[in-house]
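> Numbering (my numbering), first residue to last: 20 to 337. Here it is, the structure in full.
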C-alpha cells in the first residue's frame, strides 16, 4: 500500500500487538492500518473490546441504543467545501502495476465472485460505481498554528445507485491523540461527504444497503474475528459466515453476540458512526447482519485477507 510520501514515523507496535502478530495463524499484511473509527463523541474515552462478550455488551450500551434516537448522537454538519478545503481527490490507482485491466475497481479485482453474488458492479462507471481517493494534502490550522499536511487518506469505491460502499484503504490524518490534524479527519465523515456528493441530491442517498470493510488488518478487529472463528480455523471463503446484529421477530429484537461484537470493533464502529451521525440525511438505518470471510491472495495464494460486509436496513424500532 502506498505511503504517499507521508512524513510520519512507522507505528511502534505495543507488546500486545506484537503478541498478536507473532501468534496469528493468518499471514498478516504488515501495513499499519487506521480504519479504526474509535473517536466517537460517546466512545472517545473507551477502548476496543478484547473479547466477544465484552464487544456485545459495549455494542448494546454504546451503539445499538442510539439507532432509534431522533437527535443522538450529535449530527454531523460538514459540507463538501470542508472536504475540498483540506483534502484533494487524487489518483485512485497508486501505480500502473496496481491498476486492474479494463477499469475494474480494486474491490472488483479481488472480490469478483462476491460482487457478482450481490449484483454489485466491479467496473468503474458501471451502474454508478465511482472511485475516490481523498488525500489530506493541504495545510491547516491546529491550536492556533499552521500545520503541514498529514498525507492521511481515504480510498474506496461507491455506487449510490446500487446502495454500496467499499472502504478499500484508509490512513487517518489523526494517528495519535496529540497529532496535529484538520477538523475534518474521521473516516465516517469523509465517506459520508463522498456518498452525499455522489448522490447529487437524489433520494438514493437514503438507500445504502451494503458497507464493505475490505481487507481488514486492524489488530483489535482481527482479535475478535480470531475468537469467533476459533483461531481462524472456521473462517471460510465466500459466502463465509453471517451473524445477526439486529432482527425484529414478533415484536422482539434479536441479535447474536458475535454480530454485536463485530459491530463494536474499530472497523464496525466506523460503519455505525456513518449511520448514527447522518440520520438527518439517511434517515434511521441500522446494520442488521455482518458477514465475514476470507480470500487467498499473492502469487501463490498464500496470503489470507479478511473481509467484513455489513448489510444495512431501515430501523424498525424495538
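Here a beta-carbon is modelled for each residue, glycine too, at the ideal position from N, C-alpha and C.
Can you name, in chain order, every residue of its own chain whose Cβ lies under 8 Å from the Cβ of residue 140, other than the five neighbours on each side?
The residues are 127, 134, 146, 147, 148, 178 and 181.
> When you measure from the CB of residue 84 to every non-hydrogen atom of the ligand HEM, does any distance come out below 7 Å?
Looking at this structure, you won't find the ligand HEM or any other ligand, since it has none at all.
> Whole-angstrom Cβ separation of residue 68 and residue 283, contact assumed at under 8 Å?
Rounded, the Cβ-Cβ distance is 6 Å, consistent with contact.
> Within the stretch 292-316, note down every full alpha helix (DSSP H) run reaching 4 residues or more, in order along the chain.
Taking only runs of at least 4 residues, the alpha helix (DSSP H) segments lying wholly in the stretch 292-316 are 298-301.
> What do you get for residue 114, buried or exposed, if any count of 16 or more other CB atoms within 10 angstroms of its CB means buried?
Classification for residue 114: exposed.
> Kindly list the residues whose CB is nearer than 8 Å to the CB of residue 156, restricted to its own chain and excluding five residues on each side of it in sequence; keep chain order.
Answer for residue 156: 106, 107, 109, 168 and 170, listed in chain order.
> Have a look at residue 199 and residue 165 and give me their C-alpha separation to the nearest angstrom.
Near 9 Å, if we compare the C-alpha coordinates of residue 165 and residue 199.
> Going by CA-CA distance only, name the one from 71, 294, 123 and 263 that's closest to residue 93.
Out of 71, 294, 123 and 263, 294 has the C-alpha closest to the C-alpha of residue 93.
> Given 8 Å as the limit, is there contact between the stretch 262-279 and the stretch 76-86, that is, 3 or more CB pairs closer than that?
Because the criterion of three Cβ pairs below 8 Å is met, the stretch 262-279 and the stretch 76-86 touch.
> Residue range of the beta strand (DSSP E) that residue 244 falls in?
Residue 244 -> not in any beta strand (DSSP E); alpha helix (DSSP H) instead, spanning 238-247.
> Taking C-alpha atoms, which residue in 243, 137, 76 and 75 lies nearest to residue 257?
Measuring from the Cα of residue 257, the nearest candidate turns out to be 137.
> Using the beta-carbon count (16 or more within 10 Å), is residue 189 buried or exposed?
Per the 10 Å Cβ criterion, buried.
> Pick helix, strand or coil for residue 80, following the three-state DSSP scheme.
Here residue 80 sits in helix by DSSP.
> Closest to residue 154 by CA distance: which of 204, 184, 71 and 130 is it?
Of the listed residues, the one whose Cα sits closest to residue 154 is 204.
> Would you mind stating whether residue 111 and residue 150 have Cβ atoms separated by less than 8 Å?
Against a cut-off of 8 Å, the Cβ pair of residue 150 and residue 111 comes out as a contact.
> Indicate the three-state DSSP secondary structure (helix, strand or coil) for residue 336 in the structure shown.
Residue 336: coil per DSSP, three-state reduction.
> Quick one: is residue 79 near chain E, going by C-beta distance under 8 Å?
Any reference to chain E falls outside this structure, which holds one protein chain only.
> Using the Cα positions of residue 255 and residue 161, report the straight-line distance between them to the nearest angstrom.
Their Cα atoms are separated by approximately 45 Å.
> What does the alpha-carbon distance come out to for the pair residue 326 and residue 265?
Cα-Cα distance, rounded: 20 Å.
> If you compare alpha carbons, which of 301, 195, 123 and 331 is closest to residue 221?
With distances taken between Cα atoms, residue 221 lies closest to 301.
> What's the C-alpha gap between residue 267 and residue 274?
Answer to the nearest angstrom: the Cα atoms are 9 Å apart.
> By a C-beta neighbour count over all protein chains shown, 10 Å radius and 16 as the cutoff for buried, is residue 54 buried or exposed?
In this prediction, residue 54 has a pLDDT of 39, which is less than 50 and means its spatial position is unreliable; nothing more can be read from the coordinates.
> Going by C-alpha distance, which of 99, 332, 79 and 70 is nearest residue 226?
Answer by Cα proximity: 332.
> Can you tell me whether residue 120 is buried or exposed? The criterion is at least 16 other CB atoms within 10 Å of its CB, across all chains shown.
Residue 120 should be labelled exposed.
> For residue 319 and residue 132, what's the separation of their Cα atoms in angstroms?
Using only the alpha carbons, I get a separation of about 19 Å.
> Kindly identify the DSSP beta-bridge partner or partners of residue 190.
For residue 190, which the question treats as bridged, DSSP gives the partners 172.
> Curious, which full-length beta strand (DSSP E) runs of at least 3 residues does the stretch 256-291 contain?
Qualifying beta strand (DSSP E) stretches, in chain order: 260-263, 266-268 and 271-273.
> If we count the other Cβ atoms within 10 Å of its Cβ and call it buried at 16 or more, is residue 307 buried or exposed?
So residue 307 ends up on the buried side.
> For the stretch 121-188, which segments carrying the alpha helix (DSSP H) assignment without a break, of at least 4 residues, lie completely within its bounds, in sequence order?
Entirely contained in the stretch 121-188, the alpha helix (DSSP H) runs reaching 4 residues are, in chain order, 125-129 and 131-137.
> Would you say residue 314 and residue 125 are within 8 Å of each other, going by their C-beta atoms?
Cβ distance not < 8 Å, so residue 314 and residue 125 don't count as in contact.
> Given this structure, state the Cα-to-Cα distance separating residue 328 from residue 101, to the nearest angstrom.
If you take the alpha carbons of residue 328 and residue 101, they lie about 29 Å apart.
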